[in-house]
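Participant: Those protein sequences? They're chains A and B, same order as listed.
Quick note: the first sequence, position 37, residue 39 per my numbering, numbers continuous.
Quick note: the second sequence, position 52, residue 54 per my numbering, numbers continuous.
Glycine is no exception: its CB is placed at the ideal position from the N, C-alpha and C atoms.
All of these numbers come straight from a predicted model, not from anything done at the bench.
Please read through the structure below; I'll follow up with questions.
There are 2 protein chains.
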Amino acid sequence: DVTLINVFEVPAGQEQRAIAAWEEARDFLKTQPGYVTTTLHQAVTPDARFALINVATWTSAEAFAEATRRMREAGVFPAIEGLKINPALYRVVRGDESGTPEQD
Amino acid sequence: DVTLINVFEVPAGQEQRAIAAWEEARDFLKTQPGYVTTTLHQAVTPDARFALINVATWTSAEAFAEATRRMREAGVFPAIEGLKINPALYRVVRGDESGTPEQD
Numbered sequence: 003d004v005t006l007i008n009v010f011e012v013p014a015g016q017e018q019r020a021i022a023a024w025e026e027a028r029d030f031l032k033t034q035p036g037y038v039t040t041t042l043h044q045a046v047t048p049d050a051r052f053a054l055i056n057v058a059t060w061t062s063a064e065a066f067a068e069a070t071r072r073m074r075e076a077g078v079f080p081a082i083e084g085l086k087i088n089p090a091l092y093r094v095v096r097g098d099e100s101g102t103p104e105q106d
Numbered sequence: 003d004v005t006l007i008n009v010f011e012v013p014a015g016q017e018q019r020a021i022a023a024w025e026e027a028r029d030f031l032k033t034q035p036g037y038v039t040t041t042l043h044q045a046v047t048p049d050a051r052f053a054l055i056n057v058a059t060w061t062s063a064e065a066f067a068e069a070t071r072r073m074r075e076a077g078v079f080p081a082i083e084g085l086k087i088n089p090a091l092y093r094v095v096r097g098d099e100s101g102t103p104e105q106d
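Structure follows, in structure tokens:
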């Protein structure tokens with residue numbers, strides 16, 4: 003599996019609209035091959051720079067790329083003035099244990 | 003529990019140094035009351051804006067604040083020229099299921 007982390011910069015006052023837009027995208031993406039799970043986090047720290055961060059799991063980078071290509075084609079994710087998204091794929095490189103890196 | 007997500011902006015070529023600095027901080031923080039677990043993610047998407055993202059769990063915001071205060075006092079986290087960190091606490095607001103928000 004691969005981890006998709008999408009870091010959102012949300013203009014003031016637009017959090018609920020951004021969450022609603024995220025829900026539309028999730029409802030589309032979860033029907034796509036390779037989708038595993040997703041979790042949307044909202045900042046509780048006041049004036050955090052990134053108000054929303056999504057952490058999702060997909061079976062492969064290709065499956066994620068194909069699903070987002072289809073989403074763009076379907077025009078599902080409504081544009082929100084000033085909303086910046088930073089989706090990228092990640093792998094786990096360190097955990098709780100000292101000295102034994104996962105892989106480098 | 004609370005989720006700490008720390009989004010790192012890492013200057014080019016400094017990823018290994020940033021990971022080493024992160025390990026020093028982890029080795030200190032995991033001895034502190036309230037620490038639960040942590041996972042460091044490294045971007046596999048080429049030139050991702052955020053090269054490293056840490057997702058950790060603490061029993062409370064207060065425990066996290068106290069641990070990081072002690073870490074600063076102990077001077078554990080070496081400064082790396084140009085490294086920007088964006089630590090904030092988050093809560094989960096949406097998951098896989100449509101229509102039943104966790105809490106708003």
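When the distance is taken between beta carbons, is Glu83(A) closer than 9 Å to Pro13(A)?
Facilitator: The residue labelled residue 13(A) in the question sits at position 11 within the first sequence. The residue labelled residue 83(A) in the question sits at position 81 within the first sequence. Yes. Within cutoff.
Participant: Measure from the alpha carbon of Ala53(A) to the alpha carbon of each residue in Thr41(B), Ala20(B), Val4(B) and Ala90(B), then state which is nearest.
Facilitator: The sequence position of residue 53(A) within the first sequence is 51, counting from 1. Residue Ala90(B) is the option with its Cα nearest to Ala53(A).
Participant: Per the contact definition of three or more C-beta pairs closer than 8 Å, is the stretch 72-80 of chain B in contact with the stretch 22-31 of chain B?
Facilitator: Yes, since at least three Cβ pairs between the stretch 22-31 of chain B and the stretch 72-80 of chain B fall closer than 8 Å, the two stretches touch.
Participant: Figure out for me which residue from Ala63(A), Pro80(A), Gln16(A) and Ser62(A) has the closest Cα to the Cα of Glu26(A).
Facilitator: Taking the first sequence and counting its residues from 1, the one referred to as residue 26(A) is at position 24. Among Ala63(A), Pro80(A), Gln16(A) and Ser62(A), the Cα nearest to that of Glu26(A) belongs to Pro80(A).
Participant: Residues in its own chain within less than 7 Å of Trp60(B) by CB, not counting five upstream and five downstream?
Facilitator: Taking the second sequence and counting its residues from 1, one reaches residue 60(B) at position 58. These residues qualify, in order along the chain: Asp3, Val4, Leu6, Gly36, Tyr37, Val38 and Phe66.
Participant: Which residues in chain B have a C-beta closer than 8 Å to the C-beta of Glu25(A)? List them in chain order.
Facilitator: Position 23 of the first sequence, counted from the start, is the residue given in the question as residue 25(A). Within chain B, the residues near Glu25(A) are Arg96 and Ser100.
Participant: Tell me which residues share the same chain as Lys86(B) and place their Cβ nearer than 6 Å to its Cβ, disregarding the 5 neighbours each side in the sequence.
Facilitator: Within the second sequence, residue 86(B) is the residue found at index 84, counting from 1. If we look at Lys86(B) and ignore the five residues flanking it on each side, its Cβ neighbours are Glu11.
Participant: Per the DSSP calculation, Thr59(A) is bridged to which residue(s)?
Facilitator: To locate residue 59(A), count along the first sequence from 1; it is residue 57. Note: Thr59(A) sits in a beta bridge opposite Thr5(A) and Thr39(A).
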